[in-house]
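Notes for the one structure printed next.
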Amino acid sequence: MISLQNVTLTYRTGHRLIPALRDVSLEVHAGEVFGIIGYSGAGKSTLLRCINLLERPQSGQVWVDGVDLLSLRKRELQKQRKKIGMIFQHFHLLNSATVRDNILFPLRLAKTPVAEAERRVAELLELVGLTGYERHYPSQLSGGQKQRVAIARALANFPKVLLCDEATSALDPETTQSILDLLREIHRQFGVTVVMVTHEISVVQRVCHRVAVMDQGRMVEVGRVVDVFLRPQAEVTRRLLGWTNAEGVGADLPEQVFREGTLVCELAMAGEAAQSPLLFQAAREAGVTCSILRGTVDAIQDTPFARMVVAWYGDAKQVQAAVRRLEAHGAAVRWLNKAERMLAADEAGMK
Ligand SMILES: Nc1ncnc2c1ncn2[C@@H]1O[C@H](COP(=O)(O)OP(=O)(O)O)[C@@H](O)[C@H]1O
Ligand SMILES: [Mg+2]
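Quick note on numbering: the UniProt record's numbering labels position 63 of the sequence shown as 63, and the sequence is numbered without any gaps.
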């Protein structure tokens, strides 16, 4: 549905050049909910705005629904853009217009006959749960309601693609959940392809199928959400996921944890393994004990997902045996002790 190839975009402000996108390529499949995460300034919004050519890259290609957008003339581009809806962090509603007129706006631009447009507005208001709010002005609405109006407006012309730029970042957690539920419902009902830019990991975790990670204008990692969360490859991904901070791996654990050679590892498990008593079974069978220093068990959409930091007590060889057993069940393990990390890397190299 969306294909960006070797897209490069540099902003120029005065004498300064800001490389916002450096040779970025991206494929988003039809019907997918695709997340783009990264820290502020990574280039996420710029990338999203390239998909509908709100920004024109200096080089590279942008294809949407089989059409090479950069090759189009203005009129043609406007026509193609109707296939792409967009919502923003701060809603971008017309404050002097009613809810009805905000949603009518794109329908008027598309020269939709009046009666049909009115029907569509009623339909959209029902979809986003705002029937009865036609005559309200944006200033009379809560943030969540404003975003619902923006979603209705974005969907007015039956787009195939919905671009969301930090759509929930200005909302409280409960409202965020309700907007994410609505987006999921829209995706389920209409099969629209959704691209979501966010700096919030939890948003990706709750609704996205695949995710790309951006850092300083580059795409550093892309994959299924479960895979990326289980085995983050890039340092920046590990930081975004909270596995490590600027001081380095394990820096925030109390120092005595590492004293007397205690073996400490990070452990992530998805699916069945995340819910079973695997960790304690593995420890018992290897004749060692362990304690969980940190951990969460939640879900990536419907897949259980557990992540923890585990300290092991006992003979090092037996600890290794326990850990290998966990790995055999699909657990991702990363040692926080330097020596163990080197040993694991050696073993991986021998395979
Ligand atoms: N219109 C602009 N003019 C100049 N620089 C810009 C403009 N928009 C974004 N930038 C710069 O480009 C980089 C990427 O910005 P952006 O795409 O907004 O990142 P993100 O959405 O990940 O926070 C940043 O360094 C930002 O300051
Ligand atoms: Mg942004």
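Backbone N, C-alpha and C fix where the C-beta goes; we use that ideal spot for every residue, glycine too.
In this text, all values refer to a predicted model and were calculated from it rather than measured experimentally.
Helix, strand or coil for residue i per DSSP?
i	result
residue 40	coil
residue 351	The pLDDT assigned to residue 351 is 48, lower than 50, so where the model puts this residue is not dependable; a value taken from the coordinates is nonetheless given after this. The answer is coil: DSSP assigns residue 351 none of H, G, I, E or B.
residue 296	strand
residue 96	coil
residue 346	helix
residue 282	helix
residue 153	helix
residue 233	coil
residue 135	coil
residue 268	strand
residue 226	helix
residue 9	strand
residue 2	strand
residue 168	coil
residue 142	coil
What first and last residue would you give for the alpha helix (DSSP H) that runs through residue i?
i	result
residue 116	114 to 127
residue 316	316 to 328
How far does the beta strand (DSSP E) with residue i in it extend, from its first residue to its last?
i	result
residue 258	Careful: residue 258 lies outside any beta strand (DSSP E) and carries neither H nor E.
residue 161	161 to 165
residue 303	303 to 313
residue 274	Unbroken run through residue 274 is the alpha helix (DSSP H), 272 to 275; no beta strand (DSSP E).
residue 332	332 to 335
If you measure from the beta carbon of residue i to each beta carbon in chain B, is any gap under 8 Å?
i	result
residue 184	The chain inventory of the structure shown lacks chain B, comprising one protein chain alone.
Exercise for review: Just list the beta strand (DSSP E) runs in the region 185 to 223, keeping only unbroken ones of 3 residues or longer that don't cross its boundaries, in chain order.
Suggested key: 193 to 198, 210 to 215
Check your understanding: If we count Cβ pairs, one from each stretch, closer than 8 Å, do we get three or more for the region 29 to 38 versus the region 189 to 209?
Key -> yes
Exercise for review: Output the residue ranges of the beta strand (DSSP E) runs that lie fully inside the region 14 to 88 and measure 3 residues or longer, sorted by chain position.
Suggested key: 16 to 28, 33 to 37, 59 to 64, 84 to 88
**Study point:** Any heavy atom of ligand 1 nearer than 6 Å to the CB - residues listed
**Key:** 11, 13, 18, 20, 38, 40, 41, 42, 43, 44, 45, 46
Check your understanding: Do the region 326 to 336 and the region 263 to 271 touch if we need at least three Cβ pairs shorter than 8 Å?
Key -> yes
Check your understanding: Is the region 40 to 50 close to the region 20 to 30, with three or more CB pairs under 8 Å?
Key -> yes
**Study point:** Stretch-stretch touch, CB-based, cutoff 8 Å, three pairs: the region 77 to 90 with the region 159 to 171
**Key:** yes
Check your understanding: Taking three-plus beta-carbon pairs below 8 Å as touching, is the region 200 to 209 in contact with the region 49 to 60?
Key -> no
Practice item. Pair every Cβ in the region 23 to 31 with every Cβ in the region 211 to 227, then say whether three or more of these pairs are closer than 8 Å. Key: yes
Exercise for review: Flag this pair as touching only if the region 72 to 86 and the region 118 to 134 have three or more C-beta atom pairs under 8 Å; answer yes or no.
Suggested key: no
Review point. For the 8 Å Cβ check, are there 3 or more pairs between the region 139 to 147 and the region 90 to 110?
Key: yes
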